Each structure stands twice: as C-alpha cells, then as structure tokens.
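Please read the structure below before turning to the comments.
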Amino acid sequence: MSTATGNAHEGRHELAHYFDSTRQQFESHKLAMWLFLCTEILMFGGLFCAYAIYRANHPEIFLYAHTLLDKNLGAINTIVLLFSSFTMAWAVRAAMLGQRRLLVGLLVVTLLCGFGFMGIKGIEYSHKWKHGFLWGEQFDYTEAVAYASGKGHGDDHAAETGHEGAHADDEAAIHTEVPAATAGDEDAAAVMAELDQAAAVTMDHGHDAERIPRNLHIFFGIYFVMTGLHGIHVLAGMGMLTWLIVRASRGDFGVRNYTAVDLGGLYWHIVDLIWIFLFPLLYLIH
Amino acid sequence: MSTGATTTVDHVDGHDHHEGNYLTAGRGLRSWLFTLDHKRIGVMYLGTILFAFLLGGIFALLVRTELLTPQQTIMSADDYNRMFTLHGAIMTFLFIIPGIPAALGNFILPLMLGAKDVALPRLNLASYHIYVIGSLMAVASILAGGVDTGWTFYTPYSTTTNGAVILVTLSVFVLGFSSIFTGINFIVTVHRMRPAGMGWFQMPLMLWALYATAIIQVLATPVLAITVLLIIAERALGIGIFDPALGGDPVLFQHFFWFYSHPAVYIMILPAMGVISELVAIFSRKPIFGYKAIAYSSIAIAVFSFLVWGHHMFVSGQSELAVVIFSALTFSVSIPSAVKVFNWLSTMYRGAIRLETPMVYALVFIFLFGIGGLTGLFLASLATDVHLHDSYFVVAHFHYTMMGGTMIAFLAGIYHWWPKMFGKMFSQKWGNIGAIVIFVGFNVTFFSQFVMGAKGMPRRYFNYPPEFEIYHVMSSIGSYVLAIGLFIAAGVLVHSLIAGKKAPVNPWGGATLEWQAASPPIHHNFDSPLLLTNPYDYTAQRWDEAEQGYVPVDPEKEPQTT
Amino acid sequence: MSEQGTILKPESTGTVHDEPGGGDLHAHAVPLWMLVAVFAALIVLTVVTVAVTYVDLGALNIWVALAIAALKGVLVAEIFMHLRWDRPFNRILLIGSLLAVVLFIGISLLDTSTYLPEMIPGHAPAIEQP
Chain A
1 MSTATGNAHE
11 GRHELAHYFD
21 STRQQFESHK
31 LAMWLFLCTE
41 ILMFGGLFCA
51 YAIYRANHPE
61 IFLYAHTLLD
71 KNLGAINTIV
81 LLFSSFTMAW
91 AVRAAMLGQR
101 RLLVGLLVVT
111 LLCGFGFMGI
121 KGIEYSHKWK
131 HGFLWGEQFD
141 YTEAVAYASG
151 KGHGDDHAAE
161 TGHEGAHADD
171 EAAIHTEVPA
181 ATAGDEDAAA
191 VMAELDQAAA
201 VTMDHGHDAE
211 RIPRNLHIFF
221 GIYFVMTGLH
231 GIHVLAGMGM
241 LTWLIVRASR
251 GDFGVRNYTA
261 VDLGGLYWHI
271 VDLIWIFLFP
281 LLYLIH
Chain B
1001 MSTGATTTVD
1011 HVDGHDHHEG
1021 NYLTAGRGLR
1031 SWLFTLDHKR
1041 IGVMYLGTIL
1051 FAFLLGGIFA
1061 LLVRTELLTP
1071 QQTIMSADDY
1081 NRMFTLHGAI
1091 MTFLFIIPGI
1101 PAALGNFILP
1111 LMLGAKDVAL
1121 PRLNLASYHI
1131 YVIGSLMAVA
1141 SILAGGVDTG
1151 WTFYTPYSTT
1161 TNGAVILVTL
1171 SVFVLGFSSI
1181 FTGINFIVTV
1191 HRMRPAGMGW
1201 FQMPLMLWAL
1211 YATAIIQVLA
1221 TPVLAITVLL
1231 IIAERALGIG
1241 IFDPALGGDP
1251 VLFQHFFWFY
1261 SHPAVYIMIL
1271 PAMGVISELV
1281 AIFSRKPIFG
1291 YKAIAYSSIA
1301 IAVFSFLVWG
1311 HHMFVSGQSE
1321 LAVVIFSALT
1331 FSVSIPSAVK
1341 VFNWLSTMYR
1351 GAIRLETPMV
1361 YALVFIFLFG
1371 IGGLTGLFLA
1381 SLATDVHLHD
1391 SYFVVAHFHY
1401 TMMGGTMIAF
1411 LAGIYHWWPK
1421 MFGKMFSQKW
1431 GNIGAIVIFV
1441 GFNVTFFSQF
1451 VMGAKGMPRR
1461 YFNYPPEFEI
1471 YHVMSSIGSY
1481 VLAIGLFIAA
1491 GVLVHSLIAG
1501 KKAPVNPWGG
1511 ATLEWQAASP
1521 PIHHNFDSPL
1531 LLTNPYDYTA
1541 QRWDEAEQGY
1551 VPVDPEKEPQ
1561 TT
Chain C
2001 MSEQGTILKP
2011 ESTGTVHDEP
2021 GGGDLHAHAV
2031 PLWMLVAVFA
2041 ALIVLTVVTV
2051 AVTYVDLGAL
2061 NIWVALAIAA
2071 LKGVLVAEIF
2081 MHLRWDRPFN
2091 RILLIGSLLA
2101 VVLFIGISLL
2111 DTSTYLPEMI
2121 PGHAPAIEQP
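Quick note, the sequences are listed as chains A, B and C, same order. Note that our numbering has the first sequence beginning at 1, numbered continuously upward. Note that our numbering has the second sequence beginning at 1001, numbered continuously upward. Note that our numbering has the third sequence beginning at 2001, numbered continuously upward.
Structure below.
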C-alpha cells in the first residue's frame, strides 16, 4: 500500500497508506516530534525545579560550589554545542535543497562537535572525581577543604588548616544543634556528624574567615544529575546523527524527503537549548 | 522518533485483504505481536490490561481477607504492606491509566475519525511493547522481594527500606513512556487525521476526552519519569536530593510526585467521562445536551489538573499559603466535573432511555461518580481534611471515583463496543445482572469505608481496634460480592465469543462513524463510503427487525421517523 | 449541526482539509546568511553572559543571566528550529510546556519559601554568617 518514487535529487520518497499526502505525513511527524520535545522540556523541568528550590533556600552552597567548576571549560563547551547547532541547522537546509555531499559533511561536523562536547565533559567529570566533588554521600569534604585552601588562598595557607582545632570545635557545636531529621539509623547519624565536622573547618583568609558551607554536596548532586541527564541526551543525539549520516550517504534524503533530518535537527537543537540554560545556572553564579 | 517518513510502512501480515475482518486478516502469533493495526493493538492492550486487573484484584481480595479480623488473619504484617503496595501500583500504573485510552481509545479513535489508522502506527506498537516490558518488570518485583512503600514511594522511606524499589520504580519509568507514546499518537491523530468536514466541534465527545487526556499524558508523565529516576539515583548512588539525612528535602519529593500523580487521576477519569458522554446520548436517543460545554469542560479539567497537586500535601508540612491556594483551586475543579454530570442528566431528561447493559453501567457510573465527587469536597476543605487525611474516608473516596468511575466506565465501554470489536452480541439479561451485582458489592465494600474513615480508622493499618471490626467485615464481604459480579461480567463476554449471535453493523443506533464500519471492521476499517453527520443526530436511522440493528433511513422511500 | 451529511469515500479519509497549499511538501530552507547571523549572535550573547558575571548587579545577576539565556533560546527555536515558518500550533506547544514548567517551579518555590522558617526554628534558609 505504500508508494515509493523519487530520484537521486529528490531522495527516497514514500507515503504511508493511511496518509493522503506527503504534506500531511510530514506535518504529522513534525507535530509528534514537537510533542516529544515538550516531554523533554517537562522532564528537565523537574530538575530545574529541584535546582530552583535548593538555590533559593541555600544560595551560599551554590555561590561557593560554582567556584569549584571550571568556567572556561563550560564556556568552551557552550560554544562547541552552539556551533554544532549551527551546522545542524545548515544540514537541514542542505537536505531541503538536495545538497547531498554538503549534508553528509555537515552532519559529520555536528557529530564531531558531539564528541568534542562529551570529551570536554569527560575532562570536567574526571577532575571532579579526582577531588571527590561528588554527589551526596560520596562527597569528600576533607579533600574539598584542602582544595579550597590550596586554590583560594595559596599553598602557604594549606598548612594552616591544621591549626583550626579550637575554631572547629565551636563551629561543630553550633552545627550539631540542627535536628537530625532521620537520624534513626546509625549510618545516617555518622554521616551527619562527619559532614558537620568537615563543614565546620574554617580557613583563615586575611580578615575574613571563609568557610565551606554545609551540605555542599547538594550542589554536586544537582550538577551531576542535570549534566548527566543532558549528557545522556547528547549521546542519544550522537547515535541519531550516526544513523542520519549512514542514510544521507546512501542518498535517502532529498528535496522531497528531508523529514528525518529535520526532526533529528529539532532534537539536537533542544539538547542545545537545555545546555543554554544549564551553563549560566551552574557555572555562572554570582 | 524520527522514523517513519521513508521506511516502508506495510502491515506485516501482507497487503491484500479481499475478504474477512481485521481479526482474520492475518494468522499466527507474529501477525498479532508485530501488527501495526490499531484495532489489533487495542485488543492486545485490552487483554493485557484485563490480566493486570485480575492480578490487582487478587491482591485486593487478599488485603480485604487479611482485614477480616483485627489481628493477623492470613499473612504477616510485612506481607500485608507488600500486598497493598502492589495492589495500588498495579491498579494505578497497569490498569487504570492505560485502561480506557490505550485499550478502548486505540480501537475506537481512528474509527471515530473515519481514518485508516492512527498517525504513528509504529509508535503505537512500541507503546504496547513497552507496556508489556514495564508490566513484566512490575510483576518480577514480586519475586524479587516485593515493595512495601505504598504506590506513592514517599521518601525517605522508599530510599531506605529493603525490597525491590528500584525495579518497581524502573517499571513505572518504562510504563510512563508507553503512556507518553499513546498520548503523542492521539494528539497527532486528532490534529492531522480528521476527515474533511469534521471540524473540532463535529468530533464525538469521546475524542475531546481522549485529546484532553493525551495533553495531560504528554505534559505530566515526564515529571514522573524524572521523579522515579531521582529515586533510583537516591537508592543506587545516594545522591541526596530527597534524603533529609544528606540535607535533602523530602517534601520536594511530594511536589514532584503529585505534579504528575494528580493530573494522572484525570488521565484516569477523563476518558471515562468521554465514554459516558457517548453512551448517555445513544441510549437516550437524544442529542447530547450542551455539546460545547462538555467539550470545553474536558479541556478545562486538563488545565485545572495541573493546578491542584498540593491538596495531597495538606498535612505534609506544606506552607499555609500554598495550602490555602491549593484548597481554593481544588474546589474549582468540581465546576467542570459538575458541568458534565448536569449535561448527562439533562440529556437523559425526557429521553427514550433504553436500559441495555452499557447504559446500566453508565447509570451506575453517574451515581457512583457523583458520590465520589461530592465526598471529594470534604477532602478539599482544609479543616475536615486534617481529620480525614490518611483515613479510610480517603480510600473510599478514591475508590468511588477510580473504581466506581473509571472501572465502571471501562466496563460500559467494553460492553458498548464489544459487538464492534468481536462481532458478537452478548446476553443483555446476564450483562445487567452482572452490573447490578457489581453495583451492590461495590457499595457494600466502600460505603462502610466512608463510615469507618470518618470514625478515625487510618488507612494501610494491619491491626485495628475491635470496634472497627464490623465495618471491615462488611467491606470484605462486599469485596467478595464485587468479585462475583466481575466474574459474571467477564463470563457474559466470554460466553458471547463462543455462543453469541452475530452482531449487526449498528446494534445500539450510534451516529458516530465507527458504527458505519462492519462488525468487526475490515483491516483498513471502512469498505464503503462514509456518511458524515452530526455525531449526536439520531433521526437518520431506524430499527430494522431483520437486521436486529439500526439502519440508515432512506429518505426516498419513507418519511423520517425517530 | 443538523445539516445534511457529507459523503466520504474511504480512499479520501484523512484528507488534509485545512492545507491551503495542497498536499505537497513545500520546503522552506532558511537562508544561509540568516543561519550565520544567528550563530554569531549566539556567540556574542555567550560572551556577554560570561562577562556580566564580573559585574555585581546583586540579585539582578541571575535574572540577567536567565534573560540572556531566554533570548538565545528564542533565536534557536525561531530560526534554527524553524518555528518562525512553522504551524503556529508547534509554537503554542513549546510555550505551553514552558508555562507548565514555570507553574511547577513557581508553586514549589512559593511553598518552600514559606514553610522552611516554620519547620526548622532558628535555621531559616539564609547565608550562614561567618
């Protein structure tokens, strides 16, 4: 029941039997893609909600934690992704105009940008991993203290952190007042105590006593979930690009059939769009 | 997602169907499991969903049996916790949410549009396969130790308890995709596959209801997906977002969960309302009263459903400001719901009501949903909710709306479209007997729960003070009667498959397009030109004794009669 | 709605009844200069959003960052994603889903911003002073 026509310029052009026209088929698939993008927005919306709540309630965590991220790598990654979005939009144009070799080339560039993005992300992740800036219970506070003193105040101050015993006791006393919400089991209580102690370590910095805020790991929990889910979407997009490249080089696409490239482009752009918001929210906190 | 444009869309079971209907169009298991035919997918959904219903029902009966005595009756307290959790999770995610849209909707939506299929048949099939995988995961969790969190998976309990929480939440994640795919498919189909001449306000109201449902499915379900992913991350990695021991916020989990799960109750009830809108008009032989009001109220319910999730959190430590706002918004949802009920009643007023089995179920629906809706007002009021929250009153309320509403409408819809699906007529007499037994059993089961809830019996408790025993015994006995009624209802349908009379094209006198297709329809739905009329105009058809069904009036031969 | 019925042939069901341009596919390729211009604008805006973090605007900083991100988002959606030339319903969908997200975040924020001080006395959510 399907009709298949077309030449090299037009691409393989087929109409499913339950549609009346190519236009109806194209618009149906496009609408479906947009609906799918809506679900993506809502799914990330949940994470943005978690972000907003914690940032509103604990701005000090975010203010401090973002200094542990590399702003430059984030900016480079933003530009890489924006460039890939540009080449993807160009690829859609090429598909519409039946420029087959240009289409393949642009899709390959887009895919390479995807690799670049994930590579830079990998560098960032491995840095966090090395220093123990991880989520929840994996967060390494002693390392964070050492890192902060080393980075923020020069190596000469690193040794001083050891002399803060008296201060630390005072601070710890304050912190243990916090009701241990579910300190029912011993593990949780132990973690709480450990965190309080670590958080209470202060560093002398000239006149100011700078300190690591409590529950710093919350930021990294959100950071890893948001960038991780985004990264999974980039990987999925790269898989899709590979599939498009194979089909494009086979000559499937042309002026009469560019739906797959167009819809793939929409997906790639939404992944870019989400990063456009993630970058300032995670890396550029003032 | 971006497939379909260039790949050949053929039916697996071949091209040519000169004779036979969709049931006989292809043979063998493969022709069913990999079919792209929306009718077959709908029938497979129906079978699987009914199986899930049976499973959830067995758990319900076990729970009710356990509660016959104030102490342990047949199982340990831990097993009891797992039982009611699985009952809730299976009934919610495997039965009620996909029930009407995926099973009946899949079958009926393209037929009502006069289309050959849904807009995205591959996505439709994927939705079914994903549903089966998710269901198997949910069932596998029983073997993997079960879950005792309740179907709501509240943190921090769900992140600390033992059991197969990861498996069950993962299955919820997977089932969510199935629901999203159905929703996307229906929206696209309604937008792009309407025939020339069928504008938005010439659509049957069932389609409005399915459309409104699909909007909720697409917008709310992804939030559930991220919620359960965070639960999994919490358990597997200790991510700390919902865990107060790590500085997380457990109330945030409830916001997340109910942002999906409150709209989800409208995913359950809206299609049910659509079914009732069709049935009330057809069996009263009167055009539906207030077509536009019913259509708009479906959309209004879909919009309002996103504004009221906080009423599940009145005693969760939500702020007073939010509580007041949510309470006021919750009351406002009753407006579009009541609009529908009044319109159904007005449709029936002075109509030629025929008490055929689908209509009996529709009347049961209106009565039970009325009680369910009105008791919701007690729960929306802040002061009374503090007393009634987490009591059996809540349990009774949502069973009156979910079971008395959605399940009854589901049965009504199955009976209504059964002749179209399988081409067989069932015994009206036994169908009605089944409906009445269900009605009696249902009320005995759940009305007693209103009473004990108001008297202070908390839900989900294993042991209870002896003064509640009489109500629990009543409720349990009622549940057995209910089960008998459901078996009668199922028996009537099975019997019709074996010994039922052949169904005419239009047994009930419906004016929507599906009643112009053969019973059962051919593979591509319609074999003759369609007459597109007002879906609620019953003047152009008459009862034909020889046909045992309704036939179009031939204006040249005879004058129009009603 | 009681007009005489319309006869439909099964072969013509699912007609694209509201397509003024007929059933054929009309590609609208975005001009290359426009794509380049949008890309350049996106890069400039990225530089601006980084630069602005060195200026202390107090509470305004996050709103400036979000506004720039939103502007970039509009450019991507309207040009790269073709919304400008698309059916209006796709834009309605995008805006609708964003509104749902705003609603979700807004009400959740409204709630937690008013419950935390009551729930944990003495530990109001504020920056802990040194």
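Beta carbons are placed, not taken as given, at the ideal position from N, Cα and C, and that holds for glycine. Owing to the predicted nature of the structure, the values given are computational and were not obtained by experimental measurement.
Starting from the C-beta of residue i, find all residues in its chain whose C-beta is less than 8 Å away, skip the five residues before and the five after it, and write them out in chain order.
i	result
B:VAL1063	TYR1080, MET1083, PHE1084, HIS1087
C:LEU2042	LYS2072, LEU2075, VAL2076
B:GLY1238	LEU1246
B:ASN1162	GLY1145
Taking only the alpha-carbon atoms, compute the straight-line gap between residue i and residue j and give it to the nearest angstrom.
i	j	result
A:PHE26	B:ALA1233	38 Å
A:HIS127	A:ALA75	17 Å
C:VAL2064	C:VAL2055	11 Å
C:SER2002	B:ALA1540	Because the pLDDT at C:SER2002 is just 39, under 50, the model does not fix this residue reliably, and the value given afterwards should be weighed accordingly. Answer to the nearest angstrom: the Cα atoms are 10 Å apart.
A:THR242	A:ALA248	10 Å
B:LEU1170	B:VAL1228	7 Å
B:GLN1071	B:ILE1058	21 Å
B:GLY1491	B:ILE1100	20 Å
B:ASN1021	B:PRO1195	23 Å
B:TYR1550	B:ALA1214	32 Å
C:GLU2078	C:ALA2100	20 Å
B:LYS1424	B:GLY1510	17 Å
B:LYS1286	B:GLU1514	18 Å
B:LEU1345	B:VAL1339	10 Å
A:PRO59	A:PHE219	10 Å
Between which two residues does the alpha helix (DSSP H) harbouring residue i extend?
i	result
B:GLY1047	1038-1066
A:LEU106	100-131
A:LEU73	71-97
B:LEU1033	1029-1033
Residue i lies in the beta strand (DSSP E); which residues open and close that run?
i	result
B:GLN1541	1541-1544
B:VAL1551	1549-1552
B:VAL1513	In the sequence under discussion, the amino acid at residue 1513 of chain B is Leu, which differs from the Val named in the question. It is not in any beta strand (DSSP E) - B:LEU1513 carries neither H nor E in the DSSP assignment.
A:LEU134	Here A:LEU134 belongs to no beta strand (DSSP E), and DSSP marks it neither H nor E.
C:LEU2083	C:LEU2083 -> no beta strand (DSSP E), and no H or E assigned at all.
B:LEU1120	Counting along the chain, B:LEU1120 falls outside any beta strand (DSSP E), and DSSP gives it neither H nor E.
Count the other CB atoms within 10 Å of the CB of residue i; is the residue buried (16 or more) or exposed (fewer)?
i	result
B:ALA1144	exposed
B:VAL1386	exposed
B:SER1528	exposed
B:GLU1278	buried
B:GLN1318	buried
A:LEU284	buried
A:GLU171	In this prediction, A:GLU171 has a pLDDT of 40, which is less than 50 and means its spatial position is unreliable; nothing more can be read from the coordinates.
B:TRP1200	exposed
B:ASP1554	exposed
B:LEU1355	exposed
A:VAL261	buried
Since residue i and residue j are thought to touch, with beta carbons under 8 Å apart, how far apart are those beta carbons, to the nearest angstrom?
i	j	result
B:THR1445	B:SER1475	5 Å
A:LEU42	B:VAL1223	6 Å
A:ASN77	A:PHE117	6 Å
B:ARG1122	A:GLN24	Rounded, the Cβ-Cβ distance is 17 Å, inconsistent with contact.
Could you name the residues of the same chain whose beta carbon sits closer than 7 Å to that of residue i, not counting the 5 residues immediately before and after it, in chain order?
i	result
B:VAL1174	ILE1130, ILE1133, GLY1134, MET1137
A:VAL109	THR87
A:ALA143	Correcting the residue type first, residue 143 of chain A is Glu in the shown sequence and not Ala. Hits under 7 Å: HIS131, GLY132.
B:GLY1197	LEU1532
A:GLY231	MET118, LYS121
B:GLY1413	ILE1100, LEU1104, VAL1275
Leaving out the 5 sequence neighbours to the left and right, which residues in its chain are closer than 6 Å to residue i when beta-carbon positions are compared?
i	result
B:GLU1545	none
A:SER85	HIS269, ASP272
Can you determine whether any heavy atom of the ligand ATP sits closer than 7 Å to the C-beta of residue i, and answer yes or no?
i	result
B:SER1298	In the structure shown, the ligand ATP is absent, as is every other ligand, since no ligand is present at all.
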